[in-house]
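Here's the structure we're looking at; comments come further down.
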Amino acid sequence: MSLLFTPVEIGSLRARNRLWVAPMCQYSSTDGMPNTWHLTHLSSFASGGAGLVMTEATAVSPEGRISPDDTGIWNDQQRDAWAPIASEIRSRGALAAIQLAHAGRKASTWSPLKAGRGSV
Numbered sequence: 012m013s014l015l016f017t018p019v020e021i022g023s024l025r026a027r028n029r030l031w032v033a034p035m036c037q038y039s040s041t042d043g044m045p046n047t048w049h050l051t052h053l054s055s056f057a058s059g060g061a062g063l064v065m066t067e068a069t070a071v072s073p074e075g076r077i078s079p080d081d082t083g084i085w086n087d088q089q090r091d092a093w094a095p096i097a098s099e100i101r102s103r104g105a106l107a108a109i110q111l112a113h114a115g116r117k118a119s120t121w122s123p124l125k126a127g128r129g130s131v
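In this note's numbering, each residue carries its 1-based index in the sequence shown increased by 11.
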């Protein structure tokens, strides 16, 4: 059997396998709040058998978002909104992880998915 499908331990954490979902920006939040889209999208990877599911780039401050539609974790409401998502991922057998992000001085106010503005 390939090592890919065997459990791995990292410190006190144990992932059921080495299939890990990399973070993918969804540009689907308002005011940095994760929502039912994030719950459904991320927990589906856990249902599919991933050992670890990493959230999209999650901004640590509103000024540091990649776009205005990015998720955040700079306030208590956002923290609380992430809790059921992490819980659902764990209930489906995967580890939940978050990619903390700050886009730096080139952070954007442009939204790539708004009408008339497509990505290249």
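Glycine included, C-beta positions come from ideal geometry on N, C-alpha and C. Owing to the predicted nature of the structure, the values given are computational and were not obtained by experimental measurement.
In chain order, what residues of the same chain have a beta carbon less than 7 Å from the beta carbon of residue i, not counting five sequence neighbours either side?
| i | result |
| --- | --- |
| residue 25 | 18 |
Among the options, which has the Cα closest to the Cα of residue i?
| i | options | result |
| --- | --- | --- |
| residue 63 | 89, 70, 105, 38 | 105 |
| residue 144 | 79, 71, 22 | Residue 144 cannot be examined here, being either before or after the span of the chain that is shown, 12 to 131. |
| residue 70 | 46, 42, 13, 28 | 42 |
| residue 16 | 103, 61, 67, 107 | 61 |
| residue 101 | 68, 122, 54 | 54 |
| residue 66 | 52, 23, 122 | 52 |
Can you name, in chain order, every residue of its own chain whose Cβ lies under 8 Å from the Cβ of residue i, other than the five neighbours on each side?
| i | result |
| --- | --- |
| residue 75 | 112, 113, 114, 115, 118 |
| residue 44 | 82, 83, 88, 89, 92 |
| residue 50 | 95, 96, 99 |
| residue 14 | 29 |
| residue 46 | 39, 40, 92 |
Just how far apart, CA to CA, sit residue i and residue j?
| i | j | result |
| --- | --- | --- |
| residue 73 | residue 96 | 21 Å |
| residue 33 | residue 86 | 24 Å |
| residue 57 | residue 35 | 15 Å |
| residue 30 | residue 110 | 17 Å |
Identify, in the order they occur along the chain, each residue of the same chain with its Cβ nearer than 6 Å to the Cβ of residue i, setting aside the five sequence neighbours on each side.
| i | result |
| --- | --- |
| residue 39 | 48 |
With a threshold of 7 Å between beta carbons, is residue i in contact with chain D?
| i | result |
| --- | --- |
| residue 19 | As a matter of chain content, chain D is missing from the structure shown, which is built from one protein chain. |
(message) For a minimum of 4 consecutive residues, which ranges assigned as the alpha helix (DSSP H) are wholly contained in the stretch 26-83?
(response) 47-58
(request) Could you name each continuous beta strand (DSSP E) segment of 3 residues or more that falls completely within the stretch 86-128, going from the start of the chain to the end? (result) 106-112
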